[in-house]
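Residue numbers (the UniProt record's numbering): 1 to 324. Here a beta-carbon is modelled for each residue, glycine too, at the ideal position from N, C-alpha and C.
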């Protein structure tokens, strides 16, 4: 009897150990993990908030925008670009110049080649580049002929210094081929030869200005205009020759006298044009009488005999004596 009671009590105790109390709901563990055999920090333990080493990447806005705007070039319609389109597969007749061009003469071609060479030389010539303006303004602008129009700083000197404390610097658009130089800057030759320097448009324009000033302003010891009187005499006699004393030019504008001695052909061409302009100031219709006026140089200081002439005297101004 006592043995039956003891056996029944042991069975009741074992049943109570295997059952959970009603107030404690049964817990479910993921993956069948045993909470007793998986302590905190073990590799088998799963973090319910995710992997600690996993960081959510923030999408790049530029990359997302690029992906939205990109075009798939390898899609199924890629070969449609090669399909024939009669409306587009032709040249616009308004944009095609099929006119026949007239063949250039030799002189015209040489003139154009010289102009292109001048453009290339100016583009390479660092003397015309203002580094400060180049950094601010970028590359030099080009005009309709492909020649550089650069921004350079030029000093403006005001005659009335009372109204200006300092000389002002102002930015001006300057075309190197249209910019006139000063008389002093003519001596700073930026070319391989005097001839090449004189034929540059801005240099020849400056020379013409100074030669005209010489003809109109040169005076003798009494203050009388020397070449003004000669031009009036030329007009009265309907002559086409104006005599210019070399020593007068050397005394007044020495650099022009040097150019005349080194390159008489180029200088006399300019001198002839200037002489006509000076004559037309006194006789506006003189071009109807003579289309040109030729300048004759006198009193050149260096004299050679015919036997003394050498190859080095070619293309330069010489004064000779002797019988031909």
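Residue 187 holds the alpha-carbon nearest to the alpha-carbon of residue 254 among 215, 242, 187. Looking at the backbone, the Cα of residue 81 and that of residue 71 are separated by about 14 Å. If you compare the alpha carbons of 245, 114, 236 with that of residue 214, the shortest gap goes to 245.
Residue 294 carries a strand assignment under DSSP once its states are collapsed to helix, strand and coil. Across the structure, residue 251 and residue 104 are spaced so that their CA atoms are roughly 45 Å apart. With fewer than 16 other Cβ atoms inside 10 Å of its own Cβ, residue 95 counts as exposed. The continuous beta strand (DSSP E) containing residue 243 extends over residues 241-245.
Here DSSP, grouped into helix, strand and coil, assigns residue 316 to coil. Contact between the region 220-229 and the region 291-299 is not established, with fewer than three Cβ pairs separated by less than 8 Å. Around the beta carbon of residue 231, 16 or more other beta carbons sit within 10 angstroms, so the residue counts as buried.
By the neighbour-count definition (other C-beta atoms within 10 Å, threshold 16), residue 309 is an exposed residue.
Residue environment for residue 266: buried (at least 16 other C-beta atoms within 10 angstroms of its C-beta).
Here DSSP, grouped into helix, strand and coil, assigns residue 304 to strand.
Rounded to the nearest whole angstrom, the C-alpha separation of residue 200 and residue 268 is 15 Å. Secondary structure of residue 219 (DSSP, three-state): strand.
Under the 10 Å beta carbon count, residue 203 is surrounded by 16 or more other beta carbons and is classified as buried.
By the 16-neighbour rule on beta-carbons within 10 angstroms, residue 83 is exposed.
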